[in-house]
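Read in my numbering, the sequence shown has 353 at position 353, and its numbers run on one by one without any break. Backbone N, C-alpha and C define an ideal beta-carbon position, used for all residues, glycine too. These numbers come from a predicted model, not from an experiment.
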Amino acid sequence: MKDPRKVLERLELGGNLAAVRVGSDAISGRGAPLAVRSPIDGSPLSRIDRAAPEQVDPVVTRAKEAFPKLRDIPAPRRGELVRRIGNRLRERKDDLALLVTWEAGKTTQESLGEVQEMIDMCDFAVGQSRELYGATMPSERALHRLTEQWHPLGPVGVITAFNFPVAVWAWNTALALVCGDPVVWKPSEKTPLTALACHALAMSVAREMPDIPDGTLSVVVGDASVGQRLAESESLPLISATGSVRMGRAVAQAVAARLGRSLLELGGNNAMIVAPSADLELAIRSIVFAAAGTAGQRCTTLRRLIVHHSIADALLERLAAVYAGLPIGSPLEPGTLVGPLIDSAAWVAMDRALSVARSEGGRVITGGERVTEDVPPGGVYVSPALVEISSSAAVVQEETFAPILYVHRYGDLAEAIAIQNGVPQGLSSAIFTNDVREAERFTSAAGSDCGIANVNTGTSGAEIGGAFGGEKQTGGGRESGSDAWKAYMRRATNTVNYSSSLPLAQGIRFDV
Ligand code: NAD
Numbered sequence: 001m002k003d004p005r006k007v008l009e010r011l012e013l014g015g016n017l018a019a020v021r022v023g024s025d026a027i028s029g030r031g032a033p034l035a036v037r038s039p040i041d042g043s044p045l046s047r048i049d050r051a052a053p054e055q056v057d058p059v060v061t062r063a064k065e066a067f068p069k070l071r072d073i074p075a076p077r078r079g080e081l082v083r084r085i086g087n088r089l090r091e092r093k094d095d096l097a098l099l100v101t102w103e104a105g106k107t108t109q110e111s112l113g114e115v116q117e118m119i120d121m122c123d124f125a126v127g128q129s130r131e132l133y134g135a136t137m138p139s140e141r142a143l144h145r146l147t148e149q150w151h152p153l154g155p156v157g158v159i160t161a162f163n164f165p166v167a168v169w170a171w172n173t174a175l176a177l178v179c180g181d182p183v184v185w186k187p188s189e190k191t192p193l194t195a196l197a198c199h200a201l202a203m204s205v206a207r208e209m210p211d212i213p214d215g216t217l218s219v220v221v222g223d224a225s226v227g228q229r230l231a232e233s234e235s236l237p238l239i240s241a242t243g244s245v246r247m248g249r250a251v252a253q254a255v256a257a258r259l260g261r262s263l264l265e266l267g268g269n270n271a272m273i274v275a276p277s278a279d280l281e282l283a284i285r286s287i288v289f290a291a292a293g294t295a296g297q298r299c300t301t302l303r304r305l306i307v308h309h310s311i312a313d314a315l316l317e318r319l320a321a322v323y324a325g326l327p328i329g330s331p332l333e334p335g336t337l338v339g340p341l342i343d344s345a346a347w348v349a350m351d352r353a354l355s356v357a358r359s360e361g362g363r364v365i366t367g368g369e370r371v372t373e374d375v376p377p378g379g380v381y382v383s384p385a386l387v388e389i390s391s392s393a394a395v396v397q398e399e400t401f402a403p404i405l406y407v408h409r410y411g412d413l414a415e416a417i418a419i420q421n422g423v424p425q426g427l428s429s430a431i432f433t434n435d436v437r438e439a440e441r442f443t444s445a446a447g448s449d450c451g452i453a454n455v456n457t458g459t460s461g462a463e464i465g466g467a468f469g470g471e472k473q474t475g476g477g478r479e480s481g482s483d484a485w486k487a488y489m490r491r492a493t494n495t496v497n498y499s500s501s502l503p504l505a506q507g508i509r510f511d512v
């Protein structure tokens with residue numbers, strides 16, 4: 001399958017595409033043209049006239065109008081919409097995954113996994129649609145009932161990053177829909193086609209359910225100014241934003257200025273500790289998948305390896321050998337494990353980080369080069385880099401969105417945990433150990449300060465059942481499983497007095 005045109009046609013993405021989709025309506029963008037190119041070989045995939053920021057407002061109005069109608073549909077019926085979206089994704093899994101590969105450059109396996117994650121998320125949300133439970137608390141007053149209810153919140157703005165171009169939409173949308181909230185989606189301008197394909201697939205089932213209001217789902221393809229307009233919109237009580245810390249700061253400030261709610265899923269700087277008792281076979285497989293997989297372009301990518309000094313030389317020698325043999329190339333080829341970077345700017349950032357690392361005393365053990373042989377011309381392919389460097393170097397404090405793994409040595413676990421926690425981001429972390437006391441310390445309150453802390457499995461590749469997200473500059477948001485649904489609802493506390501007197505709380509007397 002070396003020609004993307006067929007999959008574009010099958011997903012109704014041929015020709016010039018309208019940048020704004022509201023339900024069944026397609027509206028041409030009034031912004032600058034966007035040439036969509038594949039990172040595999042730089043070939044043009046499509047052309048879209050971007051939406052201008054002012055085109056956001058009418059879309060938000062449509063979502064606002066849809067809200068009361070969607071709110072009044074029983075949650076299990078909204079779950080039925082999500083069930084059908086999940087089934088449509090099952091039917092179109094191969095095509096959508098192929099488009100993810102063409103547009104985002106992920107290997108076929110990773111793209112299939114990403115679409116599977118969407119399906120899993122739909123299944124999860126369908127169950128959730130019958131479990132939007134509120135609590136009942138004992139009232140301190142006789143013949144009173146004290147309860148909580150969860151109500152739909154309103155239209156949600158969803159801003160997403162290029163590297164999970166479809167799954168993050170599903171994390172948000174599957175839950176928002178069962179919770180009764182319309183969604184206005186601003187995908188990454190680097191991956192607009194997958195977004196338009198998701199919208200078309202979802203609309204193909206929404207049209208089978210005439211009770212679902214038409215403005216329930218929308219997409220606006222545009223750049224940061226479109227995202228900023230969403231963030232500023234008073235009509236969107238929640239903005240869910242996934243991307244860099246820089247973007248999160250801008251969005252959080254705009255949302256806070258109008259006292260809205262934001263759900264932030266920002267950059268990571270994830271570490272793994274490898275302890276002396278670790279099973280090195282498992283650790284090596286896990287390190288390479290997490291550090292080099294997706295060409296280092298996951299928020300959960302392993303960026304820092306903290307190895308006990310007693311095993312460091314042996315581990316590094318073996319890792320360097322595995323790195324040297326990594327199959328780098330077209331993500332469409334079955335054996336490829338490392339596909340392209342998203343664009344040449346990503347290589348510039350990688351190369352710059354490696355120069356800074358060298359200037360800070362780092363030693364590049366292997367990798368960090370542009371690869372031009374046996375890869376499609378026109379794509380940006382690199383060899384994943386392994387760099388030994390002091391944990392106090394400034395460069396390791398930053399997330400460089402490329403496959404660079406910094407290696408540090410440690411003496412005792414307290415030092416390793418201090419290194420692990422000593423960065424501004426707090427997304428994902430892991431320890432490889434067969435010592436139960438070390439594992440428990442790492443996952444305790446005094447251990448990893450991240451939103452994700454794993455034992456004997458890597459930093460990337462989370463399941464949707466758990467709440468996903470991180471602390472500190474990662475933004476504090478939680479999406480997908482567990483009780484993440486609560487972010488998409490508003491809580492009402494109800495006190496019902498069914499007595500014939502009026503006792504006041506705290507025993508206050510106020511006789512009139
Ligand atoms: P990015 O921040 O450049 O862009 C993300 C999205 O935000 C895009 O849609 C972009 O148009 C929009 N945007 C950018 N600036 C904006 C602004 N000022 N106002 C409103 N919208 C704005 O990120 P990227 O390069 O697409 O993705 C990589 C980053 O995303 C990495 O930092 C990665 O760690 C992070 N990420 C985090 C998670 C997570 O769940 N924590 C998941 C995926 C990616």
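Residue i, buried or exposed, once every other Cβ within 10 Å from all chains shown has been counted against 16
i: Asn16; result: exposed
i: Pro36; result: A small fix is needed here, since residue 36 is Val in this sequence, not Pro. Looking at its Cβ environment, which holds 16 or more other Cβ atoms inside 10 Å, Val36 is buried.
i: His309; result: exposed
i: Phe510; result: exposed
i: Gln473; result: buried
i: Glu438; result: buried
i: Val496; result: exposed
i: Thr493; result: exposed
i: Met489; result: buried
i: Pro340; result: buried
i: Glu103; result: buried
i: Ala540; result: As displayed, the chain neither begins before 1 nor continues past 512, which places residue 540 out of reach and without an answer.
i: Lys186; result: buried
i: Ile12; result: A quick correction: the sequence has Glu, not Ile, at residue 12. Glu12 comes out exposed.
i: Glu54; result: exposed
i: Ala174; result: buried
i: Tyr323; result: buried
Reduced DSSP category for residue i - H, G, I as helix; E, B as strand; rest coil
i: Met350; result: helix
i: Lys190; result: coil
i: Arg141; result: coil
i: Gln297; result: coil
i: Thr173; result: helix
i: Pro68; result: helix
i: Asn16; result: coil
i: Gln425; result: strand
i: Ala206; result: helix
i: Ile508; result: coil
i: Val375; result: coil
i: Arg50; result: coil
i: Val496; result: strand
i: Tyr323; result: helix
i: Asp181; result: coil
i: Lys472; result: strand
i: Val407; result: strand
i: Thr457; result: coil
i: Val126; result: helix
i: Phe432; result: strand
i: Ala402; result: coil
i: Ser240; result: strand
i: Ile311; result: helix
i: Thr136; result: strand
Distance between beta carbons of residue j and residue i, contact taken as under 8 Å
i: Gly422; j: Met272; result: So it is not a contact: roughly 15 Å between Cβ atoms.
i: Cys450; j: Glu471; result: 6 Å
i: Val387; j: Pro403; result: Contact doesn't hold; Cβ gap of about 11 Å is too wide.
i: Trp347; j: Val371; result: Going by Cβ atoms, the distance from Trp347 to Val371 rounds to 10 Å, so no, they are not a contact pair.
i: Gly293; j: Leu337; result: 7 Å
i: Ser448; j: Gln420; result: 6 Å
i: Thr108; j: Leu413; result: Rounded, the Cβ-Cβ distance is 39 Å, inconsistent with contact.
i: Gly477; j: Leu264; result: 5 Å
i: Ile159; j: Leu81; result: So it is not a contact: roughly 23 Å between Cβ atoms.
i: Arg155; j: Phe67; result: Contrary to the premise, residue 155 reads as Pro rather than Arg in this sequence. Indeed, because the Cβ distance is near 6 Å, the residues count as touching under 8 Å.
Inset, instruction - Answer yes if the stretch 56-63 comes into contact with the stretch 210-220, meaning at least three C-beta pairs across the two stretches below 8 Å, and no otherwise. - result: In short, these stretches touch, since the Cβ pair count reaches three.
Inset, instruction - Indicate whether the contact test is met: 3 or more Cβ pairs, each with one atom in the stretch 315-328 and one in the stretch 80-96, closer than 8 Å. - result: no
Legend entry - Cβ contact check for the stretch 401-419 and the stretch 255-264: 3 or more pairs under 8 Å: no
Legend entry - At least three beta-carbon pairs within less than 8 Å, the stretch 140-154 to the stretch 13-32: no
Inset, instruction - Count the C-beta pairs between the stretch 112-121 and the stretch 154-171 that are closer than 8 Å, then say yes if the count reaches three, no if not. - result: yes
Inset, instruction - Decide yes or no for the touch test of the stretch 124-139 against the stretch 170-178: beta carbon pairs closer than 8 Å, at least 3 of them. - result: yes
Inset, instruction - Pair every Cβ in the stretch 92-110 with every Cβ in the stretch 189-198, then say whether three or more of these pairs are closer than 8 Å. - result: yes
Inset, instruction - Inspect the CB distances between the stretch 195-202 and the stretch 231-248 and report whether three or more fall short of 8 Å. - result: no
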